[in-house]
Amino acid sequence: MSRNGWSALNVCVVADAIGRILYVNSAFPGSTHDSTLWNRCALSRIFRTGEAIKGYQLLGDCGYANGGGIMTPFRPTSIRGDVRKMRFNRQHIRTRLIVERTIGRWKKRFTALASKFRVAPHFASKMVIASAVLHNIGYCLGVAKFRRLGRRRATMAHPPEEERDIRSYVVARL
675 MSRNGWSALN VCVVADAIGR ILYVNSAFPG STHDSTLWNR CALSRIFRTG EAIKGYQLLG
735 DCGYANGGGI MTPFRPTSIR GDVRKMRFNR QHIRTRLIVE RTIGRWKKRF TALASKFRVA
795 PHFASKMVIA SAVLHNIGYC LGVAKFRRLG RRRATMAHPP EEERDIRSYV VARL
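As structure tokens, this is what we get:
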């Protein structure tokens, strides 16, 4: 149950820079904390076991812990005048906006996602996944052409494989 009194799902979404949905997990109730969802999903296991491409990280919000495949922004209390950390947070926010826009387009295209589901939770979970697939098909077919999300700039080499704390590595180079 959500705080508003109806059944809800907590959905984990990974999107790429051009607006496609790469991963969706909608198997958890809305009361599940983001970190718990992440620790129990298959994608987390891929990052923990080293099966993911070396040096690649997912961007998460403050609902997730930093590490284990997710790079999160610094908390305001840990920045305190550190210009590099402030720059990192600004870039992190700008990049995460791409994911937020993708989710917004997805919800706009499938308005049922933005309102109460009037079906059983297990069926609602299937509807979420099906709508993600249809969203990607629509994208590939050019239905409702999306605006390009800006130029991608690669200004930083991939971190060395032995680097454990990717976020600190990035901050040191800003």
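Residue numbering for the sequence shown follows the numbering used here, beginning at 675 and increasing consecutively. From the three backbone atoms N, C-alpha and C, an ideal C-beta is built for every residue, glycine too. Remember, it's a predicted structure, so these values are computed and weren't measured experimentally.
Name the two residues that bound the continuous alpha helix (DSSP H) containing Pro750.
Reading the sequence shown from its first residue, position 76 is the one you call residue 750. First-last of the alpha helix (DSSP H) with Pro750: 750 to 753.
Quick check: the stretch 729 to 746 against the stretch 698 to 714, are at least 3 beta-carbon pairs closer than 8 Å?
Because the criterion of three Cβ pairs below 8 Å is met, the stretch 698 to 714 and the stretch 729 to 746 touch.
Taking DSSP as the reference, what is the three-state secondary structure of Leu823?
Position 149 of the sequence shown, counted from the first residue, corresponds to residue 823. In this prediction, Leu823 has a pLDDT of 48, which is less than 50 and means its spatial position is unreliable; what the coordinates show is noted afterwards. Three-state DSSP puts Leu823 in coil, outside helix and strand.
Excluding the five sequence neighbours on either side, which residues of its own chain have a C-beta within less than 6 Å of the C-beta of Arg754, listed in chain order?
Numbered from 1 along the sequence shown, position 80 holds the residue referred to as residue 754. Same-chain partners within the cutoff: there are none.
Considering only their Cβ atoms, is the gap separating Phe784 from Leu808 smaller than 9 Å?
The residue labelled residue 808 in the question sits at position 134 within the sequence shown. The residue labelled residue 784 in the question sits at position 110 within the sequence shown. Taking 9 Å as the Cβ cut-off, Leu808 and Phe784 qualify as a contacting pair.
With Val698 as the anchor, note down where its beta strand (DSSP E) starts and where it stops.
Counting from 1 along the sequence shown, the entry for residue 698 is found at position 24. That run of the beta strand (DSSP E) goes 695 to 703.
Just tell me which of Pro747, Gly741, Phe702, Asp690 has its CA closest to the CA of Gln765.
The residue labelled residue 765 in the question sits at position 91 within the sequence shown. Comparing Cα positions, the closest option is Pro747.
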